[in-house]
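The block underneath contains the structure these notes are about, expressed in structure tokens.
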Amino acid sequence: MATSSIGRSIAPANPTLPSISRRGLVAALAVVPVAACAVPAVAATVDSSAWDAAMAHYLKCKEVADTFGREVHDPVHAQVNAIRPTYNFTHQAGVGLPCRYFIPASDFEQFDLEDHAHDPHAFIRPKIEALKEEHARFEALKAELDADAINDRYDALVDAECEACYELLQMPAPHAAAMLWKAEYLFGAEAKTGDSTPSYSGDYVEPFLNDVRRFAGGAA
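With mature numbering (1 follows the signal peptide of the UniProt record, and there is no 0) applied, the sequence shown covers -43 to -1, 1 to 177.
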């Protein structure tokens, strides 16, 4: 099972117009006088049925992924992660400085006892064997909970959500609410994880910039 869930950008749950403070974001985009009359004209002439269907599909995918994550994946992940070995330990040799050892499960075989009297790792053998036992309990719990299959299922659901969102972002915004949703998703409070907005590749941002140009009265 993967050690962490897929990182994903979370869009606002409500695709309709947000609060007054968020409307200010669109107001800031209207930097030329023609923008004030361009928005109603675009909204009146563009059919929003395709956008509405794509938004409904995205929200459904998001709901399914969120529900599975909350009710199935996250509880299992928490159980498994609670006993996940650190695969490292510290050994104090006499009066010398402590030494930290990192032994991932893939390296266990290198530390197996061989058919001879001398054990080159005798000084840390008890800790190696204890680590192997921890790993065995960890793998047993993963198998009992079917954790790998659950993680794969969650990955697939999140992939479907991300694909639906990507398709939505590629569509021309039919009205101000749609353009504002894109702005919030790409640059708004919901997208921020720190003191700066995320960086997206051009194929994410360019459709939004085309919307801004179109709503401002320029060519897309």
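Ideal placement from N, C-alpha and C gives every residue a C-beta, glycine not left out.
### Simplified DSSP state of H48, which is helix, strand or coil
For this step, residue 48 is matched to residue 91 along the sequence shown. Looking at H48 - three-state DSSP - the assignment turns out to be strand.
### Task
Please classify V169: is it buried, with 16 or more other beta-carbons within 10 angstroms of its beta-carbon, or exposed?
Within the sequence shown, residue 169 is the residue found at index 212, counting from 1. Under this definition V169 is a buried residue.
### Query
So, using beta-carbon positions, are V33 and A104 closer together than 7 Å?
The sequence position of residue 33 within the sequence shown is 76, counting from 1. The sequence position of residue 104 within the sequence shown is 147, counting from 1. Yes, they are a contact pair.
### Query
Are there 16 or more other CB atoms within 10 angstroms of the CB of K17, so buried, or fewer, so exposed?
As a position in the sequence shown, residue 17 is number 60, starting the count at 1. It is exposed - the Cβ of K17 has fewer than 16 other Cβ atoms within 10 Å.
### First through last residue of the beta strand (DSSP E) which encompasses R57
What you label residue 57 is simply residue 100 of the sequence shown in a count that begins at 1. C56 to F59 is the span of the beta strand (DSSP E), which, as asked, contains R57.
### Task
Return the chain-ordered list of same chain residues with a C-beta closer than 7 Å to the C-beta of K139, the five sequence neighbours on each side being excluded.
Here residue 139 is taken as the residue at index 182 of the sequence shown, counted from 1. Cβ neighbours of K139 beyond the five flanking positions: L126, A130, F165 and D168.
### Query
Around the C-beta of Y123, are 16 or more other C-beta atoms found within 10 angstroms, so that it is buried, or is it exposed?
Here the question's residue 123 lines up with position 166 in the sequence shown. By the 10 Å Cβ count, Y123 comes out exposed.
### Task
Starting from the C-beta of A(-16), find all residues in its chain whose C-beta is less than 6 Å away, skip the five residues before and the five after it, and write them out in chain order.
Your numbering for residue -16 matches position 28 in the sequence shown. Low local confidence applies: a pLDDT of 35 at A(-16) is under 50, so the model's placement there is unreliable, with the coordinate-based value given in what follows. Excluding positions up to five away in sequence, the list is empty.
### Message
At the level of alpha carbons, what is the spacing between residue 203 and I60?
### Response
Absent from the structure is residue 203, since the part of the chain shown begins at -43 and ends at 177.
### For T24, three-class secondary structure by DSSP
Taking the first residue of the sequence shown as 1, we reach residue 24 at position 67. T24 falls in the helix class under three-state DSSP.
### Message
Taking 8 Å as the limit between beta carbons, can you name the residues of its chain near V(-2), skipping five residues before and five after?
### Response
Locating residue -2 in the sequence shown gives position 42, counting from the first residue. Any reading at V(-2) needs caution, since the residue's pLDDT is 43, under 50, leaving its predicted position unreliable; the model's value is listed next. So the list reads P131, H132, R171 and F172, once near-sequence residues are dropped.
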